Amino acid sequence: MSTQNPNIQAIVDRVFDNLSQYNTPESITPSVVAGAIGLAVQNLYSPQDLFMGNNGVTSLDLTNYVNLERLYAKDNPFVSLDFSNAVALKVLHLSSCELNTGLDLSNQPNLEEIDLSSFSDFTNGYSLDLSSNTALKNVVLDTILINSLNLTNCTVIDKLELYSINGLTDLDLTSQTVLKTLNLANIPTLNNLDISNCTDLEKLNITGVTLNTFNITPFNQLVDLSLISTNLTNFDPSPCASLKTLDLSSNSIPNLDFSQNTNLETIILNANPLDGTNLNSNTVKTISLFATGLTSLDLSGLPSLEALDARNLNLSGNLIDISNCPNLKSLNFTATVIDSAQHTANLEILDTNGLTNGIYTYKGFSFPSSAFKTSLEAKGWVIQSGGF
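Here it is in C-alpha cells:
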C-alpha cells in the first residue's frame, strides 16, 4: 500500500509493523487494530521519520522530536536550524536548502548519513565540524563553500563524496582507515590531500584536483580508479593487480604499461599525449583513446576487447588489425582520419566473426560501399556516420 504523502505512508507502515507480531487473522481483533493505529498516531507527534521536502519552510522546531531518526527536508529556505534535541538522528538530508547560519551537529552522536548537496550556506566560508559525529558512514557535500572540514573522529566512514566545493584547501583523511569509496571532484582550492591511511579503498575518483603525482602502491584493494584532470605526467598502474576500471582522462601522460594488471576490464585514456602505450591484456573489454594523438593502434594482444573508442585520431596509412579481437562489436572512428580501405577490411573481419547487433561509426565521407556492410546490417549491426 502506498500514499502520496510520505508522512502518512510512514504512519501506515508503522500500523503494519505493529500488527506484524500477530500470526493469524483471528488474533487481529478490532481492539488490536485500534491499538496499532493509536500507537502509530502517537508516533506522529514524536516520529522517527520526517519528510518535508520543498515546503517553503524557514524554521523547524525540533524540541519535542527526541525520537527522530531520519529527516528528509530538501529544497527549503531555512533561516536557522536547531538540532540540539534531536539526539537520536541517524539520517539527515538537506540537499538544495538555504541556511543563513552555521550548522551545528555536535549533539548528534548517532548520525550515520548526511547529504548537503547544493546546500546554499556558508556563503562567506565556513568550517564544518563533524568530529562529534563518530557514527558517520556516508557523507555527501556538493556545491557548497567551506573553508575546512573536520572528520577527525569519524573513523567508520565508508563512503565520502565531495563535489564542487570552493574554499577547501586541506583535507586530512588519515582517520578514515575503513573508507571504501572516495569521490573528490572539482575542488580547485584543494592544495593538501592526505589519503595515505585509506588503504581499504575500493573506488577512488579524483577529478579536477591538482595532484601532479600519485603513488598507487598503498591502495592494493582498488577496483575502480579515476584520476581525471589531475595534472599527472606519469603513472604506474602495475602495483594494483585488483584494478578493473581505470580512467586517466585529460592528463599529460605519454606512455603506460598495463601488462601486469591482469584483472583490468576498462581503460579510458582520453586526451593524453600518448606515444608509447602497451595495451596488451587478456581481460580488457573496453578501451577509449579519444584525442590521444595516436597514429597507430596495436590491438593484437586484446582478445577480449568488445568496445573501441578511437575518435579524433590520425590513423591514415596505418593498418588497424582487429583480427585477434573476435568479441569486438562497438567501434567508433568519428573524426578520425583513416583510409577507406581500412573500413572495408574491418567490416570483413567483423562479418567473419559472426557477432550481431553491433555498432560501427566512421568519419562520414570516408566510407566506401561494401558487401560486408550490407551483410552486417542484415545481422542487426548499425553502420553509421559520426558526422564531424
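Residue numbers for the sequence shown, in our numbering: 1 to 388. The C-beta atom is built at its ideal place from N, Cα and C for all residues, glycine as well. Keep in mind the model is a prediction, meaning the values are calculated, not measured.
Item: Alpha helix (DSSP H) segment containing F372, residue limits; Value: A371 to A378
Item: Whole-angstrom distance between L182 and H343, CA atom to CA atom; Value: 42 Å
Item: Host beta strand (DSSP E) of A307 (start-end); Value: A307 to D309
Item: Start-to-end residues for the alpha helix (DSSP H) that takes in D351; Value: S340 to N353
Item: Beta-carbon contacts of T334 that lie in its chain and below 6 Å, excluding the five residues immediately before and after; Value: R311, T361 and G386
Item: C-beta contact flag for S148 and S164 at 8 Å; Value: no
Item: Alpha-carbon spacing of E26 relative to L50, whole angstroms; Value: 33 Å
Item: Cβ neighbours of D200 in the same chain (closer than 8 Å, five flanking residues each side left out); Value: T177, V178, L179, K180 and Q221
Item: For Q48: DSSP bridge partner residues; Value: DSSP output for Q48 lists no bridge partner at all.
Item: S96 - partner residues in DSSP beta bridges; Value: Paired residues: none, contrary to the question.
Item: Exposed unless 16 or more other CB atoms sit within 10 angstroms - verdict on K391; Value: The structure shown does not extend to residue 391, since the chain is modelled only from 1 to 388, so the question has no answer here.
Item: For N205, the residue or residues it bridges with in DSSP; Value: N183 and S226
Item: Below-8 Å beta-carbon distance, G56 vs any chain C residue; Value: No chain C is part of this structure, which consists of one protein chain only.
Item: Enclosing beta strand (DSSP E) for D172 [first to last residue]; Value: D170 to D172
Item: Sequence ranges, beta strand (DSSP E) only - wholly within the region 51-98, length at least 3; Value: 70-72 and 91-93
Item: For V178, the three-state DSSP class (helix, strand or coil); Value: coil
Item: Cβ-Cβ distance between C154 and L136 below 8 Å; Value: yes
Item: Outcome for V139 when other beta-carbon atoms lying within 10 angstroms are tallied against a minimum of 16; Value: buried
Item: According to DSSP, residues forming a beta bridge with K159; Value: N138 and T181
Item: Member of L289, L204 and N107 whose CA lies at the smallest distance from the CA of P218; Value: L204
Item: Helix, strand or coil at N212 [DSSP, three-state]; Value: coil
Item: Presumed contact (8 Å Cβ cut-off) between L92 and L111, rounded CB distance; Value: 6 Å
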